[in-house]
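Colleague: There's a structure below that I have some questions on.
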Amino acid sequence: MQVGIDMGLASGSPATLDIEELLATRLLVQGNSGSGKSHLLRRLLEQSAQWVQQVIIDPEGDFVTLSDRFGHVVVDGERTEAELAGIANRIRQHRVSCVLTLEGLDLEDQMRAAAAFLNGMFDADREYWYPVLVVVDEAQMFAPSVGGDVSEDARKMSLGAMTNLMCRGRKRGLAGVIATQRLAKLAKNVAAEASNFLMGRTFLDIDMARAADLLGMDRRQAEMFRDLKRGNFVALGPALSRRPLPIQIGAVETSARSSSPKLMPLPDAPQDVEDLIFTPDPEEFQRPTVRRAAPTPRRGARAGAGIPPV
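Residue numbering for the sequence shown follows the UniProt record's numbering, beginning at 1 and increasing consecutively.
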């Protein structure tokens, strides 16, 4: 069954995405902060909710609002790895759409939770290999191109789960949709498995070069990514368009819990402002002080050498 969902407009005409083709060919979404990447994912999820089961790996908890409108089950990532794997397996058995929210966890715990959940879906029995759209926001966190301030075990676990999703997931009904702010920070073997691309505003030369390589464009053509407005993307791939096609993403029904910062007037300062600032709240002394342990340096790292953030 061919189902085309409306993603917005392309030169005034509807821009459609073939869901059945997407299930077989996967999707990569790239755009710097403020490009409209999360809005694009929300449009895709809302438009396809009635047609295909969805699982969203959500680092910031922005997509939990889908539950009110579309009935997604919200799974809190603050569980044991065994619990998450079991939930993921039952999600596949019962074909329930869900959002795995990782909000509030540190990076290493987010990576372990996402990996356990993805592995639970991947390891489902063959009789439950129904088609699932698996959307991973901020994919560079879970499939980093280089090691960061996390343990090697967590990095391997997370990268392995993402590699399975993108490289071996298709036969198991898992269709990966990965979104990233920084293409250069995303593992190449994970990004290369996508056959469909939606490229948004990008400023850094290294990211534009990666985007140009993936889309088969020369470096001068890639300069167009600098000039894209918020909510505008270049689409390419068998589920979208056979040639690079600029599209404007349409409106959404739901909204994220967080949004871009906007200017607002400062409050009038009360006369006793200094007393308010410098007089401690009595409860402050009763609250436990939580200090995070410093990350263990990677083996072989030079003393004093900076380790790039993931």
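We put the CB at the ideal spot given by N, CA and C, even for glycine.
Given the structure is predicted, the values throughout are model-derived calculations rather than measurements.
Find out if the Cβ-Cβ distance for the pair M121, A154 is shorter than 8 Å.
Modeller: Taking the first residue of the sequence shown as 1, we reach residue 121 at position 121. Taking the first residue of the sequence shown as 1, we reach residue 154 at position 154. Contact: no.
Colleague: Measuring only the C-alpha atoms, how far is G4 from W51?
Modeller: For this step, residue 4 is matched to residue 4 along the sequence shown. For this step, residue 51 is matched to residue 51 along the sequence shown. Using only the alpha carbons, I get a separation of about 10 Å.
Colleague: Going by other Cβ atoms of all chains shown within 10 Å of its Cβ, with 16 needed for buried, is K171 buried or exposed?
Modeller: Position 171 of the sequence shown, counted from the first residue, corresponds to residue 171. It is exposed - the Cβ of K171 has fewer than 16 other Cβ atoms within 10 Å.
Colleague: Determine the DSSP secondary structure at V75, reduced to helix, strand or coil.
Modeller: Your numbering for residue 75 matches position 75 in the sequence shown. It is a strand residue.
Colleague: Grab the span of the alpha helix (DSSP H) containing P190 for me, first residue to last.
Modeller: Residue mapping note: residue 190 aligns to position 190 of the sequence shown, counting from 1. What sits at residue 190 in the sequence shown is Val, not Pro. Its alpha helix (DSSP H) spans residues K188 to A191.
Colleague: Quick one: residues in its chain with C-beta nearer than 6 Å to the C-beta of R42, no 5 flanking neighbours on either side, listed in chain order?
Modeller: The residue labelled residue 42 in the question sits at position 42 within the sequence shown. Here the set comprises V252.
Colleague: Quick check on this structure: which residue in G34, C167, E103 and D18 has the alpha carbon closest to the alpha carbon of I56?
Modeller: In the sequence shown, the residue the question calls residue 56 occupies position 56. It is E103 whose Cα lies nearest to the Cα of I56.
Colleague: For the alpha helix (DSSP H) that M48 lies in, which residues bound it at each end?
Modeller: By 1-based counting over the sequence shown, the position of residue 48 is 48. According to the sequence shown, residue 48 is Ser rather than Met. Run containing S48: K37 to S48, per the alpha helix (DSSP H) assignment.
Colleague: Who are the Cβ neighbours of E81 in its own chain at under 7 Å, not counting the five residues just before and after it?
Modeller: Mapped onto the sequence shown, residue 81 falls at position 81. Around E81: R112 and A116.
Colleague: Any idea what DSSP makes of L198, helix, strand or coil?
Modeller: By 1-based counting over the sequence shown, the position of residue 198 is 198. Of the three classes helix, strand and coil, the one that applies to L198 here is strand, per DSSP.
Colleague: Relative to the alpha-carbon of V135, which residue among A114, G147 and E152 has its alpha-carbon at the smallest distance?
Modeller: The residue given as residue 135 occupies position 135 in the sequence shown. The candidate whose alpha carbon is nearest that of V135 is A114.
Colleague: Taking only the alpha-carbon atoms, compute the straight-line gap between A24 and K185 and give it to the nearest angstrom.
Modeller: Reading the sequence shown from its first residue, position 24 is the one you call residue 24. Reading the sequence shown from its first residue, position 185 is the one you call residue 185. Taking the straight line joining both Cα atoms gives about 25 Å.
Colleague: Between V177 and P267, what straight-line distance do the alpha-carbon atoms span, to the nearest angstrom?
Modeller: Stepping through the sequence shown from its first residue, residue 177 is reached at position 177. Stepping through the sequence shown from its first residue, residue 267 is reached at position 267. V177 and P267: Cα-Cα distance of roughly 43 Å.
Colleague: Closest to G200 by C-alpha separation, out of E193, G173, L236 and G169, would be which residue?
Modeller: Position 200 of the sequence shown, counted from the start, is the residue given in the question as residue 200. Checked all of E193, G173, L236 and G169; the closest Cα to G200 is L236.
Colleague: Can we say the segment 13–21 touches the segment 227–241, given the rule of at least three CB pairs closer than 8 Å?
Modeller: Output reads yes: the segment 227–241 touches the segment 13–21.
Colleague: Expressed to the nearest angstrom, what Euclidean distance is found between the alpha-carbon atoms of V96 and H72?
Modeller: Taking the first residue of the sequence shown as position 1, residue 96 is located at position 96. Taking the first residue of the sequence shown as position 1, residue 72 is located at position 72. So the two alpha carbons sit approximately 7 Å from each other.
Colleague: When DSSP builds the beta bridges, which residues end up paired with F233?
Modeller: One-based indexing of the sequence shown puts residue 233 at position 233. Answer by DSSP bridge pairing, in chain order: I247.
Colleague: Pop quiz: L45 and L66 are said to be a contact at Cβ under 8 Å. What is the actual Cβ separation, rounded to whole angstroms?
Modeller: Start at 1 with the first residue of the sequence shown, and residue 45 comes out as number 45. Start at 1 with the first residue of the sequence shown, and residue 66 comes out as number 66. Sure, about 6 Å apart at Cβ, within 8 Å.
Colleague: Can you tell which of M224, A139 and D275 has the C-alpha that lies nearest to the C-alpha of T180?
Modeller: The residue given as residue 180 occupies position 180 in the sequence shown. Among M224, A139 and D275, the Cα nearest to that of T180 belongs to A139.
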